[in-house]
Amino acid sequence: TRQWVLDSRPVGEPSAENFRLETAELDDPGPREVVVRTLYQSVDPYMRGRMRDAESYAEPWDVGDPMRAAVVGEVVESRHPRFERGDVVQGEGLYWAEHAVADGDDLRRVDPSLAPVSTALGILGMPGVTGYYGLLDVGEPRPGDTVVVSAAAGAVGSVVGQLARLNGCRVVGIAGADEKLEWLTDDLGFDAAINYKTEDVHARLREETDGIDVYYDNVGGDVTDAVWDLLALRCRVVVCGQIAQYNATEVPTGPRKLAKLIETRGRVEGVLVRDYDAEQWREAITRLAGWIGEDEVRYRENVVEGFENAPDAFLGLFEGVNLGKQVVKVADA
Ligand code: NDP
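Note that the UniProt record's numbering numbers the sequence shown so that position 304 is 306, with each residue one more than the last.
So this is what it looks like as structure tokens:
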């Protein structure tokens, strides 16, 4: 199989040089294992953490090892009782590879009748589940609340904003391109959207909100600073991601505006999708699929064609090239 390995650890911005394409022999599947042919491979911001030589919430990858990814693929050989040749499956811990041998117990079946199978990497997969529990469980939105979400046109953010709308909230999204803002307000029903690259986020939030009850933070950094002073009484800040700092070469200074939390008696809480068990994943995915079927929730994907372009697809996340979930199409079904 062809596979991408981590060739070197990035310092600051990752680049194409950090990745190496190589060919490896595939082992024969053992008992309960299956051979998966990759159809779609995910690239996700958390992978930047794994390229680093430091313990975070994700374990670091070793240099020279194949990199891991969530994959949707087709079973081409099975020694697992639950799967047979031709089944479409999804696994979180597969590889940046065209084929892989996987433990069948770690795979879930993908139902192609629900939605295109690539969505098992996006809205009907890890990012969708993150947005679902991050907002509903940690953010606790109530009707009439004002919810602000950053990286709003991304995989997680676009789910968060729409679920906030379904819960009767006023929703303001922050994103980095006018095309994204249009999608948020014209297609997804956000009440307002702000371009943090071209607009004064603080000033615009002042116009668009009268106190922020829930801030769903995917980015951190300057965007979060701009939100902070406008937090409302009993606000909830959901810390989901800090992508603006993933390439930082220095340790960022600690949060300084904590006095705001005294004034608001606000709560700041992190969310980690892997805390939710298989049953909770199923519940979130079933509900999201239901809303998609009723056209209550919409999604987009930015499909990068070709396995050889996987590193570019990953690097694109840090430039915001993706409108919706960034996925790599590796092969036809
Ligand atoms: P996205 O689809 O949102 O892609 C990343 C987006 O981040 C880009 O499109 C870009 O959009 C924005 N971005 C990139 N660099 C910056 C920057 N320097 N400042 C501000 N925005 C930036 O990715 P996901 O939806 O998969 O993930 C969103 C966040 O959620 C990430 O931080 C990720 O780590 C986190 N996450 C956390 C999980 C958890 O369990 N806690 C699980 C899954 C994701 P733009 O054009 O708007 O700049």
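Think of the CB as a built atom: it goes at the ideal place given N, C-alpha and C, for glycine as much as any other residue.
Where do the ends of the beta strand (DSSP E) carrying residue i lie?
| i | result |
| --- | --- |
| Tyr97 | Val90 to Tyr97 |
| Val219 | Per the sequence shown, the amino acid found at residue 219 is Asp instead of Val. Counting along the chain, the beta strand (DSSP E) containing Asp219 begins and ends at Ile214 to Asp219. |
| Arg110 | Leu109 to Arg111 |
| Gly75 | Arg70 to Ser80 |
| Gln328 | Lys327 to Lys331 |
| residue 2 | The requested residue 2 does not occur in the structure, where the chain is confined to residues 3 to 335. |
| Ile176 | Arg172 to Ala177 |
| Leu116 | Careful: Leu116 lies outside any beta strand (DSSP E) and carries neither H nor E. |
| Arg39 | Glu35 to Ser44 |
| Leu207 | Where Leu207 is concerned, there is no enclosing beta strand (DSSP E), although the alpha helix (DSSP H) it sits in stretches over Val203 to Glu210. |
| Thr226 | Run containing Thr226: none in the beta strand (DSSP E); it sits in the alpha helix (DSSP H), Gly223 to Trp230. |
| Gly21 | Note that residue 21 is Phe in the sequence shown here, rather than Gly. Phe21 -> beta strand (DSSP E) spans Phe21 to Thr25. |
| Leu233 | Leu233 to Val241 |
| Asn197 | Ala194 to Asn197 |
| Arg269 | Arg269 to Gly272 |
| Ser152 | Thr148 to Ser152 |
Among the options, which has the Cα closest to the Cα of residue i?
| i | options | result |
| --- | --- | --- |
| Gln43 | Gly178, Leu8, Thr121 and Gly88 | Thr121 |
| Ser10 | Asp67, Leu232 and Trp283 | Asp67 |
| residue 355 | Gln282, Arg269 and Leu41 | There is simply no residue 355 to check, as the chain begins at 3 and stops at 335 in what is shown. |
| Lys259 | Ala315, Thr226 and Ala205 | Thr226 |
| Glu15 | Gln247, Val330, Phe309 and Glu184 | Gln247 |
| Met128 | Gly322, Gln282 and Phe309 | Gln282 |
| Asn220 | Gly191, Val150 and Ala179 | Val150 |
| Ala280 | Thr3, Arg110 and Val7 | Arg110 |
| Pro83 | Val65, Val73, Ala72 and Gly106 | Gly106 |
| Thr211 | Leu183, Asp180 and Asp147 | Asp147 |
| Asp224 | Lys199, Cys237 and Ser17 | Lys199 |
| Phe21 | Met53, Ala261 and Gly75 | Met53 |
| Leu138 | Pro62, Leu126, Gly191 and Val240 | Val240 |
| Val73 | Arg206, Glu321 and Gln5 | Gln5 |
| Asp29 | Ile245, Asp64 and Thr3 | Thr3 |
| Gly75 | Arg87, Met69 and Val65 | Arg87 |
| Asp334 | Glu307, Gly318, Leu317 and Ala315 | Glu307 |
| Val332 | Ala71, Trp293 and Gly243 | Ala71 |
| residue 1 | Asp277, Ala228, Cys237 and Tyr278 | Not covered by the structure: residue 1. The range shown for the chain is 3 to 335. |
| Val203 | Asp215, Ala177 and Gly191 | Ala177 |
| Leu207 | Asp64, Ala228 and Arg50 | Ala228 |
| Asp297 | Leu190, Asp215 and Arg50 | Leu190 |
| Val323 | Glu271, Ala155, Glu285 and Thr255 | Ala155 |
| Arg267 | Tyr278, Asp108, Glu184 and Asp215 | Asp215 |
| Gly256 | Arg50, Gly222, Tyr278 and Glu321 | Gly222 |
| Tyr262 | Leu186, Trp63, Gly213 and Leu126 | Just to set this straight, residue 262 is Lys in the shown sequence, not Tyr. Here the closest residue by C-alpha is Gly213. |
| Ile294 | Ile125, Val273, Gly272 and Tyr278 | Ile125 |
Tell me which residue opens and which closes the alpha helix (DSSP H) that residue i is part of.
| i | result |
| --- | --- |
| His101 | Here His101 belongs to no alpha helix (DSSP H); instead the beta strand (DSSP E) covers His101 to Asp105. |
| Lys262 | Ala261 to Thr266 |
| Leu165 | Ala157 to Leu168 |
| Arg284 | Ala280 to Gly295 |
| Ala312 | Ala312 to Gly318 |
| Arg52 | Met49 to Arg52 |
| Thr251 | That residue, Thr251, is in no alpha helix (DSSP H); it is neither H nor E in DSSP. |
| Gly133 | Met128 to Tyr135 |
| Glu184 | Asp180 to Glu184 |
Report, in whole angstroms, the separation of the C-beta atoms of residue i and residue j, which I expect to be a contact under 8 Å.
| i | j | result |
| --- | --- | --- |
| Ala195 | Val174 | 7 Å |
| Gly130 | Arg81 | The Cβ separation is near 30 Å, so there is no contact. |
| Phe309 | Val275 | The Cβ separation is near 26 Å, so there is no contact. |
| Leu123 | Lys327 | 7 Å |
| Leu23 | Met69 | Not really, about 11 Å apart at Cβ, beyond 8 Å. |
| Asp188 | Arg172 | That pair is no contact at about 17 Å. |
| Pro47 | Ile245 | 5 Å |
| Leu325 | Lys182 | 6 Å |
| Asp180 | Asn197 | 6 Å |
| Phe85 | Val77 | 5 Å |
| Ala18 | Pro313 | 5 Å |
| Ala315 | Val45 | 5 Å |
Q. Three or more C-beta pairs closer than 8 Å, one from the stretch 293 to 302 and one from the stretch 160 to 167: is that the case here?
A. Yes, since at least three Cβ pairs between the stretch 293 to 302 and the stretch 160 to 167 fall closer than 8 Å, the two stretches touch.
**Q.** Three or more C-beta pairs below 8 Å linking the stretch 50 to 64 and the stretch 77 to 96
**A.** Short answer: they don't touch.
Q: Determine, using beta-carbon pairs with one atom in the stretch 164 to 175 and one in the stretch 232 to 244, whether at least three such pairs fall under 8 Å.
A: Short answer: they don't touch.
**Q.** Cβ contact (3+ pairs, closer than 8 Å) linking the stretch 275 to 295 and the stretch 128 to 138
**A.** In short, these stretches touch, since the Cβ pair count reaches three.
**Q.** At least 3 beta-carbon pairs within less than 8 Å: the stretch 250 to 259 vs the stretch 138 to 145
**A.** Touching, no, given that fewer than three Cβ pairs across the two stretches are closer than 8 Å.
(Q) Below 8 Å, how does it come out for the stretch 94 to 111 and the stretch 31 to 45: are there three or more Cβ pairs, yes or no? (A) These segments touch.
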